[in-house]
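Going by the numbering used here, the first residue of the sequence shown is number 40, and it counts up by one from there. A quick write-up on the structure given underneath.
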Amino acid sequence: MKKKNILFISVSLVLILLLGIGISYSMWNITTSQDTTNTAYTKCFDVSITSQKNSIDLENTYPISDEKGKKLTPFSFTITNTCDIFASYTVNLESLKNTTLNSKFLKVMLNNEELKLLSDYESTDTVNTGSIESHILAKGSLGSGDSEDYTLRLWIDYDTTLEDLDNETKTFKSKIVVKAQPSTWNPIKEGYTTLHDAILANEYQTTPAIAKTKIANKQEVDLSQTAPVIKWVEKTGSTVSKDYTKPAESVINTYNKDTGTEDKTTQASNLTLNDTKLRLFKTKKFDSSTARYSLVDPVYVDPTTLDFSGNQKYYFQTESIAYNQTTDKLYTSTGGGDITIYQVTGATKTTGTTTWHDVTYDSVTYKLTMVTLTETELETDKSDKGIYQGTDDYGTTYYYRGNVKNNIVQFAGFYWQIVRINGDGSIRLIYDGTEKNATGGEQTIGNSQFNINYNDPAYVGYMYGNQDGTMFDEVHTNATSSTIKTTIDNWYKTNIADKGYDQYVSTAVGFCGDRSLYSSSSGDGVQTDKDTTFGAYARYLASAAQFICPEPARDLYTTVDSSVGNKALTYPVGLITYDEIVFAGIDQRHINKLSWAYSIQHYWTMSPSVFYATKSYAREWNLVKDGYLYIGSSVGGSNGVRPVINLKSDVKISGGTGTANEPFIIDTN
Numbered sequence: 040m041k042k043k044n045i046l047f048i049s050v051s052l053v054l055i056l057l058l059g060i061g062i063s064y065s066m067w068n069i070t071t072s073q074d075t076t077n078t079a080y081t082k083c084f085d086v087s088i089t090s091q092k093n094s095i096d097l098e099n100t101y102p103i104s105d106e107k108g109k110k111l112t113p114f115s116f117t118i119t120n121t122c123d124i125f126a127s128y129t130v131n132l133e134s135l136k137n138t139t140l141n142s143k144f145l146k147v148m149l150n151n152e153e154l155k156l157l158s159d160y161e162s163t164d165t166v167n168t169g170s171i172e173s174h175i176l177a178k179g180s181l182g183s184g185d186s187e188d189y190t191l192r193l194w195i196d197y198d199t200t201l202e203d204l205d206n207e208t209k210t211f212k213s214k215i216v217v218k219a220q221p222s223t224w225n226p227i228k229e230g231y232t233t234l235h236d237a238i239l240a241n242e243y244q245t246t247p248a249i250a251k252t253k254i255a256n257k258q259e260v261d262l263s264q265t266a267p268v269i270k271w272v273e274k275t276g277s278t279v280s281k282d283y284t285k286p287a288e289s290v291i292n293t294y295n296k297d298t299g300t301e302d303k304t305t306q307a308s309n310l311t312l313n314d315t316k317l318r319l320f321k322t323k324k325f326d327s328s329t330a331r332y333s334l335v336d337p338v339y340v341d342p343t344t345l346d347f348s349g350n351q352k353y354y355f356q357t358e359s360i361a362y363n364q365t366t367d368k369l370y371t372s373t374g375g376g377d378i379t380i381y382q383v384t385g386a387t388k389t390t391g392t393t394t395w396h397d398v399t400y401d402s403v404t405y406k407l408t409m410v411t412l413t414e415t416e417l418e419t420d421k422s423d424k425g426i427y428q429g430t431d432d433y434g435t436t437y438y439y440r441g442n443v444k445n446n447i448v449q450f451a452g453f454y455w456q457i458v459r460i461n462g463d464g465s466i467r468l469i470y471d472g473t474e475k476n477a478t479g480g481e482q483t484i485g486n487s488q489f490n491i492n493y494n495d496p497a498y499v500g501y502m503y504g505n506q507d508g509t510m511f512d513e514v515h516t517n518a519t520s521s522t523i524k525t526t527i528d529n530w531y532k533t534n535i536a537d538k539g540y541d542q543y544v545s546t547a548v549g550f551c552g553d554r555s556l557y558s559s560s561s562g563d564g565v566q567t568d569k570d571t572t573f574g575a576y577a578r579y580l581a582s583a584a585q586f587i588c589p590e591p592a593r594d595l596y597t598t599v600d601s602s603v604g605n606k607a608l609t610y611p612v613g614l615i616t617y618d619e620i621v622f623a624g625i626d627q628r629h630i631n632k633l634s635w636a637y638s639i640q641h642y643w644t645m646s647p648s649v650f651y652a653t654k655s656y657a658r659e660w661n662l663v664k665d666g667y668l669y670i671g672s673s674v675g676g677s678n679g680v681r682p683v684i685n686l687k688s689d690v691k692i693s694g695g696t697g698t699a700n701e702p703f704i705i706d707t708n
């Protein structure tokens, strides 16, 4: 049958908003249509349409496959409740007057949900005069000040034929219709009193069983992309002035081995003339998918000798003189986790002395005037969001991914974000502060080193063994608590256990500090003269992640009450993992500040990355404020601490729908 010559005149998608205004809660009878700014407002409920240029237009279109349809640029819109009352809403797609294309031939993809024909969605009453039919695409509820994002893709089903359409040209015209009304809907009133069931019921305002089916039918996640997927463009930021201090040439002249006069025991003996200069770059490149700049064409120069007013531009990334604990040598460290790129516009210098690792040297300090090179979002596809399912050490886990706004819990006097429902039904939470909508350092219990020591592979561990051992199991046994574990244990004892809240916390579920070795690792996890790379690093290279702990007997940190794991914990508390953040929508290759897991405060995971022999650093994955997973801060550095706990599967709630303004409240009375 012919499929490819079907011509459809047009499909237009605009917005209409139906709302009732007034405290009497009478019939909703006010209609507000989309205006020229692509935003519709009322006094109490606000629907804003983003990416107007991406409105759906199927003029002169043809049937396409689902794979192609899923790649279409989506139409995006945001619903915000500006009332002081709780409200429920439906998102409907209404077929308008003069539509001749049957809805059974139109494929719909809302967010990343199951693909369905429009005709398969629940029917509802039409709003616009002359409209043919209306279908409910989504249902939801919002507390005062809360919002929800949606993305919509439409295409003609690939199996549609000319015979289906009576060999006629067809037209489809539609409007998004959002109906909202005052509501008291919440999981408790629907009979779902446990946090476990409330999470599932709340996702679709249906039963937990139906929610699980819907989750299972969602599109598979693409871990090579962030959630949401963001396209970026270059942007210049603020002008800054920063000092960078380097050794004077006299230091190199004294200790340069080529002169034959140096003392090879000195810590400066590995430095070269390049280490006395700054490394500038003559060319920059920008990747619109990752928001990353890259620099090429390096020159090692005294920047005060350059003309920054000419056509040749110069770029710079932070560098400093650092100390290698193993070799007892100084070296130039670049970046240090800071990926900020600058365009240099001026430079001055002063001479003096500087102390590096207890030794004072002649030095030169360069003061650079620079413009910060940043990025801004061009467009965002927020389809990949909500609850997805995976497999962990206990069964099927249900995890939050993307720009979700309904995973907030209030427990023990603190706010928490739901990471996932574990396979045994318990609920994993990450600390989110003492006030709602906390940001930055307020989302942590403070800063801490991961380990006070860092010059041995042993120190990647949440716990570790004998750093002088000769066998892997000897080095990585769970004998000594890391610095961060001690910090977290003390916090848990004071704020959870001593106040009696531990009765709500599961002791059966563990936390994976994966120390499995990458198959291509040069080091063996014991040597200090070769780089050792660990399991999470291997998954980063493969754009992969997993909830299952590779070596649970050693690396799944549990208490003695658990039936699995290493049973090494005193308290049932840990940290989030590299993999859980990847599943949440953040990775190493891209910038993403929109996932629920993002924070403007650097914070630790408990996933080892690498022992870097050259610099003698044990490194741990951490999330950085720029919006990506950093391949490894030295465990001796200081980052934010966000404890992770697991609530029992039967803990009850006293209210809430999981939003910042209506969090799930754990019933502790």
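No residue lacks a Cβ here, since even glycine has one placed at the ideal position from N, Cα and C.
Beta bridge counterpart(s) of residue i as assigned by DSSP
i    : result
G429 : T436
P286 : S402
P337 : F320
K274 : T413
S673 : R658
S280 : T408
R681 : Paired residues: none, contrary to the question.
K691 : T233
E418 : K270
G385 : T408
A126 : L181, P221
Pair within 9 Å by beta-carbon distance, residue i and residue j
i    : j    : result
P286 : A266 : no
Y557 : Y576 : yes
Y283 : Y405 : yes
T332 : K324 : The sequence given here places Tyr at residue 332; Thr does not occur at that position. Yes, Cβ-Cβ distance for Y332 and K324 is below 9 Å.
L234 : F586 : no
T112 : E474 : no
S173 : V216 : yes
K146 : G108 : yes
Q640 : T483 : yes
V514 : S601 : no
P221 : I124 : yes
L239 : K251 : yes
T121 : S170 : no
Nearest-angstrom beta carbon gap, residue j and residue i [assumed within contact, 8 Å]
i    : j    : result
T644 : I620 : 6 Å
I684 : I705 : Contact doesn't hold; Cβ gap of about 11 Å is too wide.
S638 : G508 : At roughly 36 Å, the Cβ-Cβ gap does not stay under 8 Å, so S638 and G508 are not in contact.
Residue i burial status per 10 Å Cβ neighbour count (16 or more: buried)
i    : result
T696 : buried
V599 : exposed
L176 : buried
P337 : exposed
T75  : A caution first: T75 carries a pLDDT of 35, below 50, which makes its placement in the model too unreliable to give a value.
V279 : exposed
S263 : exposed
D159 : exposed
I491 : exposed
G349 : exposed
G434 : exposed
T436 : buried
N708 : exposed
K37  : Since the displayed the chain opens at 40 and closes at 708, residue 37 lies outside it and no answer follows.
L140 : buried
G299 : Confidence in G299 is poor, its pLDDT being 49 and thus under 50, which makes the residue's placement unreliable; the coordinate value appears in the next sentence. G299 should be labelled exposed.
T414 : The amino acid occupying residue 414 in the given sequence is Glu; Thr does not appear at that position. Buried: at least 16 other Cβ atoms inside 10 Å.
T724 : Past the edges of the chain, shown from 40 to 708, lies residue 724, and the structure says nothing about it.
T698 : buried
N631 : buried
D471 : buried
G464 : buried
L319 : buried
S359 : exposed
E106 : exposed
T344 : exposed
Continuous beta strand (DSSP E) assignments of at least 3 residues falling wholly in the stretch 136 to 219 = Within the stretch 136 to 219, the complete beta strand (DSSP E) runs of at least 3 residues are 145 to 149, 172 to 181, 186 to 195.
Starting from the N-terminal side, write out each stretch of the beta strand (DSSP E) that is 3 residues or longer and does not extend beyond the stretch 347 to 378.
-> Runs found: 353 to 356, 358 to 363, 368 to 373.
Whole runs of the beta strand (DSSP E) within the stretch 470 to 551, excluding any shorter than 3 residues = Counting whole runs of 3 or more residues, the stretch 470 to 551 contains the beta strand (DSSP E) stretches 486 to 488.
Enumerate, from N- to C-terminal direction, the unbroken beta strand (DSSP E) stretches of 3 or more residues contained entirely within the stretch 444 to 468.
-> Entirely contained in the stretch 444 to 468, the beta strand (DSSP E) runs reaching 3 residues are, in chain order, 447 to 450, 453 to 460.
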